[in-house]
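Trainee:
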Amino acid sequence: MSLYWLIKHLHMTMAVLSLALFVLRAWWSVTASAHLQKKWVRILPHLIDTALLAFGVWLMVLLRFWPHQHPWLAAKLIGLVVYIGLGTIAIKRGRTPLQRAVAALLAVLVFAYIVGAAIRHHPLSWLG
Numbered sequence: 001m002s003l004y005w006l007i008k009h010l011h012m013t014m015a016v017l018s019l020a021l022f023v024l025r026a027w028w029s030v031t032a033s034a035h036l037q038k039k040w041v042r043i044l045p046h047l048i049d050t051a052l053l054a055f056g057v058w059l060m061v062l063l064r065f066w067p068h069q070h071p072w073l074a075a076k077l078i079g080l081v082v083y084i085g086l087g088t089i090a091i092k093r094g095r096t097p098l099q100r101a102v103a104a105l106l107a108v109l110v111f112a113y114i115v116g117a118a119i120r121h122h123p124l125s126w127l128g
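95 is the number that UniProt numbering gives to position 95 of the sequence shown; each next residue is one higher, with no gaps.
1. With DSSP as the reference, label Phe111 as helix, strand or coil.
2. Is the segment 69-77 in contact with the segment 103-122, if contact means three or more CB pairs nearer than 8 angstroms?
3. Which residues in the same chain as Ser125 place their Cβ atom closer than 6 angstroms to its Cβ, once the five residues preceding and following it in sequence are excluded?
4. When we look at the beta-carbon of Val110 and count the other beta-carbons within 10 Å, is it buried (16 or more) or exposed?
5. What is the DSSP secondary structure of Trp72, reduced to helix, strand or coil?
6. Report the rounded CA-to-CA distance for Leu86 versus Ala103, giving the unit in angstroms.
7. Nearest by alpha-carbon distance to Phe22: which of Ile91, Leu98 and Thr96 is it?
8. Would the beta-carbon of Val30 fall within 8 angstroms of that of Ala101?
9. Excluding the five sequence neighbours on either side, which residues of its own chain have a C-beta within less than 8 angstroms of the C-beta of Ala51, listed in chain order?
10. Looking only at its own chain, which residues have a Cβ that is under 6 angstroms from the Cβ of Pro97, when we skip the five neighbours before and after it?
11. With burial defined as no fewer than 16 other Cβ atoms inside 10 Å of the residue's Cβ, what is the status of Ala26: buried or exposed?
12. One question on the structure: do Leu6 and Leu62 come within less than 8 angstroms of each other, judged by their Cβ atoms?
13. Let me know if Phe65 comes out buried or exposed under the rule of 16 or more other beta-carbons within 10 Å of its beta-carbon.
14. Using the Cβ count rule (16 or more neighbours within 10 Å means buried), how would you classify Ala107?
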């Protein structure tokens with residue numbers, strides 16, 4: 001098994017776990033569940049997201065892919081910033097359940113865009 005294959009699959013696994021925990025936390029935020037205040041819920045997503053980012057950076061270094069050379073990679077990183085912003089609205093900063101739900105839905109759509117950009121290696125994601 002090559003190092004590339006291992007890091008790529010760890011990155012993808014962290015992405016799936018990150019999305020699953022985001023959706024769960026967003027649901028709990030919209031429904032005002034007390035589960036959102038549990039210690040593991042406040043810590044685990046940050047650990048997974050840190051690992052996701054670390055594996056992504058490791059892949060960039062390993063492959064020598066840089067955002068200024070690969071527009072799809074730049075698009076992924078811009079998408080990540082948008083996803084994080086929407087995620088904070090969905091889980092913490094949204095003032096009403098509707099605002100949090102809309103932000104969560106938009107964040108999931110941005111996540112799908114990021115996945116499409118990664119798979120298709122095109123900044124237009126699934127449309128490229």
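We put the beta carbon where it would ideally sit given N, CA and C, even for glycine.
This one's a predicted model, so the numbers in the text were calculated from it and none came from an experiment.
Mentor: Looking at the coordinates:
1. helix
2. yes
3. Closer than 6 angstroms at the Cβ level, and outside the excluded window around Ser125, lie Tyr113, Gly116 and Ala117.
4. buried
5. Correct three-state label for Trp72: helix.
6. 5 angstroms
7. Ile91
8. yes
9. Leu10 and Met14
10. Non-local beta-carbon contacts of Pro97 in its own chain, meaning distances under 6 angstroms to residues more than five positions away in sequence, involve Val30 in chain order.
11. With 16 or more Cβ atoms within 10 Å of its Cβ, Ala26 is classed as buried.
12. no
13. By the 10 Å Cβ count, Phe65 comes out exposed.
14. buried
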